[in-house]
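Each remark here refers to the structure printed beneath this line.
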Amino acid sequence: MADADTHPLLRPLKSGRLTFENRVWMAPLTRCRCDVPGNLVTPLHALYYSQRASAGLIISEATQISHEGQGYARAPGIHTDEQVAAWKVVTDAVHVAGGRIFCQLWHVGAISHSIFQPGGGSPVSSSAWHPEGKAYLGDLVPDGERPRHPLARALELDEMPRLLDDYRHAARCADAAGFDGVELHAANGYLIQQFLDPNINKRTDDYGGSVDNRTRLLGEVLDALQDVLEPDRIGVRLSPPVWLDKAMVEETWLAATDRCAGRGLSYLHVLRTDSFRERAANLEPTSTLFGKMKSAFAGPFVANASFDGPEATEWIKHGYADAIAFGRPFISNPDLPTRLATGSDVSEWDQSTFYGGGAAGYTDYPSLRSPEPLNRSERS
Numbered sequence: 000m001a002d003a004d005t006h007p008l009l010r011p012l013k014s015g016r017l018t019f020e021n022r023v024w025m026a027p028l029t030r031c032r033c034d035v036p037g038n039l040v041t042p043l044h045a046l047y048y049s050q051r052a053s054a055g056l057i058i059s060e061a062t063q064i065s066h067e068g069q070g071y072a073r074a075p076g077i078h079t080d081e082q083v084a085a086w087k088v089v090t091d092a093v094h095v096a097g098g099r100i101f102c103q104l105w106h107v108g109a110i111s112h113s114i115f116q117p118g119g120g121s122p123v124s125s126s127a128w129h130p131e132g133k134a135y136l137g138d139l140v141p142d143g144e145r146p147r148h149p150l151a152r153a154l155e156l157d158e159m160p161r162l163l164d165d166y167r168h169a170a171r172c173a174d175a176a177g178f179d180g181v182e183l184h185a186a187n188g189y190l191i192q193q194f195l196d197p198n199i200n201k202r203t204d205d206y207g208g209s210v211d212n213r214t215r216l217l218g219e220v221l222d223a224l225q226d227v228l229e230p231d232r233i234g235v236r237l238s239p240p241v242w243l244d245k246a247m248v249e250e251t252w253l254a255a256t257d258r259c260a261g262r263g264l265s266y267l268h269v270l271r272t273d274s275f276r277e278r279a280a281n282l283e284p285t286s287t288l289f290g291k292m293k294s295a296f297a298g299p300f301v302a303n304a305s306f307d308g309p310e311a312t313e314w315i316k317h318g319y320a321d322a323i324a325f326g327r328p329f330i331s332n333p334d335l336p337t338r339l340a341t342g343s344d345v346s347e348w349d350q351s352t353f354y355g356g357g358a359a360g361y362t363d364y365p366s367l368r369s370p371e372p373l374n375r376s377e378r379s
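Just so we're aligned: the sequence shown equals residues 0 to 379 in numbering that gives the first Met the number 0.
What follows is the structure, encoded as structure tokens:
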């Protein structure tokens, strides 16, 4: 195996008091395998994550901060004592295997369904909004029915303190569960992005209108998390969208980056969406949105989306990013850092097993050291 002196992806990365052993990070991956009721992770989760402990950092699957924050069947929570105890088994397993793991704190906002909401109420958002798409209710309903997301209601001003308390409580729970830190999910069209996006946010109060107002909630949530955790134990995930005018995207997401900058946060994790998917060979870091966000944040910058090993290496080598987060390749390659650094084959994933189910397509992918799949009968 190549060592840190010869391969850019294997160099350690220091952020505050934490040192990440390499630049190949595991992105958050929703897998919908929790026990219900309770949305509890299981010993199978402990095996899955510990198998992937060679990642420089594991960012957990998106984990709801409250009942209101849930939007998918069998997704985990981090807001009850039972959830804390269940996650503690996972974090202990990762630490025994030599890894680090952050908990991604998630509130889906409007991308939910009344079946998940307290009292069967409406999901919440920045404004009244009826999102396209269908809710994932899994085996909680007969025949895997997928109804459309219902109309969401706008969060009231007097609900904002309660929402911030939910984030504080989830951060305390993540700390008690043994996570090394948390990642604030402010991307992928969920609640905080619903405040950032002017197509969704139609508010006329202090949380709507100007870019300063639309980024206010992001800043307040970060303040709330810093009430609980040291800043170098907090990361943020952002995803500039493809559906807005590029000038609006640049103005908004640079302002969002400014809300994150200067705090001493652990990292900024950004998805390169289709409009910003420059190849490394043609990248001009100072002129692209990615480059501007990296410069504005001025801390560890993590890039994500559709990287392969050679391109990831180029991005690290040329300083376009400080780490690369991989999603689907980590599903089917538990030893992905070794494979990328040695140029070994990267196994394909089975998309049919992404969501729901058991060990098949979850803990049975082989590593280079153990080339025979586990639980072979379950994959047949």
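Think of the CB as a built atom: it goes at the ideal place given N, C-alpha and C, for glycine as much as any other residue. Predicted model only: the values in this text are computed from it and were never measured.
Item checked: Rounded straight-line distance, which links the Cα of Thr5 to that of Gly70 -> 44 Å
Notebook entry, point to check: Is the stretch 291-302 touching the stretch 212-221, taking contact as three or more C-beta pairs under 8 Å?
Noted result: no
Item checked: Euclidean distance between Cα positions of Pro146 and His94 -> 40 Å
Next item on the list: Would you mind working out which of Arg262, Glu229, Leu253 sits nearest Asp179, comparing C-alpha positions?
Entry: Glu229
Notebook entry, point to check: Straight-line CA distance for Gln50 to Ser346?
Noted result: 15 Å
Next item on the list: Determine the extent of the alpha helix (DSSP H) in which Ser294 is found, giving its start and end residues.
Entry: 288-296
Next item on the list: Assuming Gly108 contacts Pro122 (C-beta within less than 8 Å), just tell me the rounded distance between them.
Entry: 7 Å
Notebook entry, point to check: For Phe194, which of helix, strand or coil comes out of DSSP?
Noted result: helix
Check: What do you get for Tyr67, buried or exposed, if any count of 16 or more other CB atoms within 10 angstroms of its CB means buried?
Finding: It is worth fixing the name first, because residue 67 is Glu in this sequence and not Tyr. Under this definition Glu67 is a buried residue.
Item checked: Candidates Ile233, His106, Ala340: closest to Ala260 by CA position -> Ile233
Note to self: Taking 9 Å as the threshold (C-beta atoms), are Ala185 and Val220 in contact?
What the structure shows: yes
Notebook entry, point to check: Going straight from the alpha carbon of Ala134 to that of Gln63, what length do you get?
Noted result: 16 Å
Margin query: For Ile57 and Met292, what's the separation of their Cα atoms in angstroms?
Written below: 23 Å
Next item on the list: Report back the beta-carbon spacing between Gly355 and Gly137 to the nearest angstrom; my notes put them in contact at under 8 Å.
Entry: 6 Å
Check: In or out: Gly143 buried (at least 16 other Cβ within 10 Å) or exposed?
Finding: exposed
Check: Looking only at its own chain, which residues have a Cβ that is under 7 Å from the Cβ of Asp91, when we skip the five neighbours before and after it?
Finding: Gly177
Next item on the list: Could you tell me the distance, in whole angstroms, from the CA atom of Glu310 to the CA atom of Gly37?
Entry: 41 Å
Margin query: Let me confirm a value: Glu158 is counted as buried when at least 16 other C-beta atoms fall within 10 Å, else exposed. Which label applies?
Written below: exposed
Next item on the list: Decide if the stretch 30-46 is in contact with the stretch 9-20; the criterion is three or more beta carbon pairs, one per stretch, under 8 Å apart.
Entry: no
Margin query: For Thr251, report the span of its alpha helix (DSSP H) as first-last.
Written below: 245-259
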